[in-house]
Every structure is written in C-alpha cells, then in structure tokens.
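K.L.:
This is the structure, below, for whatever I ask next.
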Amino acid sequence: MKYYYKDFMTPLGEMRAVATEEAIVLLSFKDAKDYETALQKLTQRGRLVRVSISALIDQVIYELTAYLHGAYHSFTTPLQLDSGTPFQQSVWQALRELNVGQTVNYSDIAQKIGRPKSTRAVATAIGQNPISIIIPCHRVLRKDGGLGGFNSGLHRKIQLLEHEQQMTKDKPNF
Numbered sequence: 096m097k098y099y100y101k102d103f104m105t106p107l108g109e110m111r112a113v114a115t116e117e118a119i120v121l122l123s124f125k126d127a128k129d130y131e132t133a134l135q136k137l138t139q140r141g142r143l144v145r146v147s148i149s150a151l152i153d154q155v156i157y158e159l160t161a162y163l164h165g166a167y168h169s170f171t172t173p174l175q176l177d178s179g180t181p182f183q184q185s186v187w188q189a190l191r192e193l194n195v196g197q198t199v200n201y202s203d204i205a206q207k208i209g210r211p212k213s214t215r216a217v218a219t220a221i222g223q224n225p226i227s228i229i230i231p232c233h234r235v236l237r238k239d240g241g242l243g244g245f246n247s248g249l250h251r252k253i254q255l256l257e258h259e260q261q262m263t264k265d266k267p268n269f
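Here it is as structure tokens:
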C-alpha cells in the first residue's frame, strides 16, 4: 500500500498529513510525543511517498488553515481510522461529535461510548489519536477541570481551547 504525505506549517507548528487515495490516515504535529510511533506503524503497512499535490491532503490543509484562522468550524475531509482497535475507534468517533468550544472529561467520553468504568482506557485511546485537531482530543479535560495531557504539548492544547472559546464568542447569534 502507498501512503502519500505532505509537511506544512501552521500557526501552531509544523504538521504532517498522510493519506491513502481515499482518506486522511494521519494528521500530526511533527514534534508530538507519538509522531515517530505513528509513522512507524504506517511504514509497517505500506510505503510513504512525499507529494507536492494531493487533493485530499490539500483539502485537509485548507480546512485546517481556515479553522486556525477562525473561519471554519467543521471538517469534511474523509478520515480513515482503521489503525485503531474498535474501542479506540469508538472513542475517536465520540470525540468527533463534540462541538467547537465544548469541553468534556474522560469519564464523559467513557459514558458516551457505553463503557463507564473504562475511563483510563479512554484516556489512553485519546492519547493515541492519529488525527490531531480534527478528532478534537484537545477538548477533553480532567474531571477536576485541569488540562490533563496532550500528545502535541500542553501549550498547543491551551492555544486550541482559547482559539475555540474566541471562535464561539465571535459566532453570530442568528
């Protein structure tokens, strides 16, 4: 299998998008804690090919750039999450259902997926999220309201949460 990738800059740092012909499979900051592990998993399944033009990757870059500039709230680029277990996929899907600016805690996600006693497993699945920002793991806080962890760095989690607060504050009410 071939995976196509492109590196690009955002206001929050350098990212890499990786896609098949059909969907994005990885969107990560290049200095994220699990970045190398995620790439290694992909290279075990196929070959990485750098591209300068890819409709899917260009679409996700456009959507991400618009979001980071406050002009875009939803992502429509197809995602492929088959690198995760069924449990991880259910956690990642629950995250995708969160609204911009909405925060929850780990046990809220465990409840949402029907596994109320799996809070730690939910936290682990969130930490292994392969699609940064689009699968909004930055919206998950500790039960006490603390930030908890973030694979891409707490400084980015804070920036994303503040950005989304501003986006929802500036949203017209009509």
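Counted the way my numbering counts, the sequence shown spans residues 96 to 269.
Glycine residues also receive a C-beta, built at the ideal position from the N, C-alpha and C atoms.
When DSSP labels each residue in this structure, what does F182 get in the three-state scheme?
P.N.:
Three-state result, F182: helix.
K.L.:
How many whole angstroms separate the CB atoms of Y130 and A114, which I take to be in contact at a CB cut-off of 8 Å?
P.N.:
That belief does not hold up - the Cβ atoms of Y130 and A114 are roughly 16 Å apart, past 8 Å.
K.L.:
Please work out which residues of its chain come closer than 8 Å, Cβ to Cβ, to L242, disregarding the five sequence neighbours upstream and downstream, and give them in chain order.
P.N.:
L236, L249, K252, I253
K.L.:
Go to T105, then tell me how far its beta strand (DSSP E) extends in each direction, as first and last residue.
P.N.:
97-105
K.L.:
With DSSP as the reference, please indicate the residues paired to R111 in a beta bridge.
P.N.:
Looking at the DSSP assignment, R111 forms a beta bridge with D102, S123.
K.L.:
Here's the rule I'm using: 16 or more other beta-carbon atoms within 10 Å means buried, otherwise exposed. How should V155 be labelled?
P.N.:
buried
K.L.:
Identify whether V195 lies in helix, strand or coil by the three-state DSSP scheme.
P.N.:
In the three-state DSSP reduction, V195 falls in the coil class, being neither helix nor strand.
K.L.:
Suppose only complete runs of 3+ residues qualify. What are the beta strand (DSSP E) ranges in the segment 124-169, listed by chain order?
P.N.:
For the segment 124-169, whole beta strand (DSSP E) runs of length 3 or above, ordered along the chain, are 142-145.
K.L.:
Suppose you measure from the CA of Q197 to the CA of T263; what does that come to, to the nearest Å?
P.N.:
9 Å
K.L.:
Hey, could you find the ends of the alpha helix (DSSP H) K238 is sitting in?
P.N.:
Note, K238: premise wrong, no alpha helix (DSSP H); not H, not E.
K.L.:
Which of the three DSSP states is assigned to L249 in this structure?
P.N.:
helix
K.L.:
Here's a check: name, in chain order, each residue in its chain whose Cβ is nearer than 8 Å to the Cβ of L256, leaving out the five neighbours to either side.
P.N.:
T198, H233, R234
K.L.:
What's the gap between the Cα of A216 and the Cα of G165?
P.N.:
32 Å
K.L.:
Going along the chain, which residues of its own chain have a beta-carbon closer than 6 Å to the beta-carbon of G108, five neighbours each way excluded?
P.N.:
Cβ within range, chain order: F124.
K.L.:
Taking the alpha carbon of S149 as the reference point, which residue from S178, D102, A127 has its own alpha carbon closest?
P.N.:
D102
K.L.:
Would you list the one or two residues that DSSP bridges to L174?
P.N.:
I119
K.L.:
So is T180 buried or exposed if we call it buried at 16+ other beta carbons inside 10 Å?
P.N.:
exposed
K.L.:
Return helix, strand or coil for I226, following the three-state DSSP convention.
P.N.:
strand
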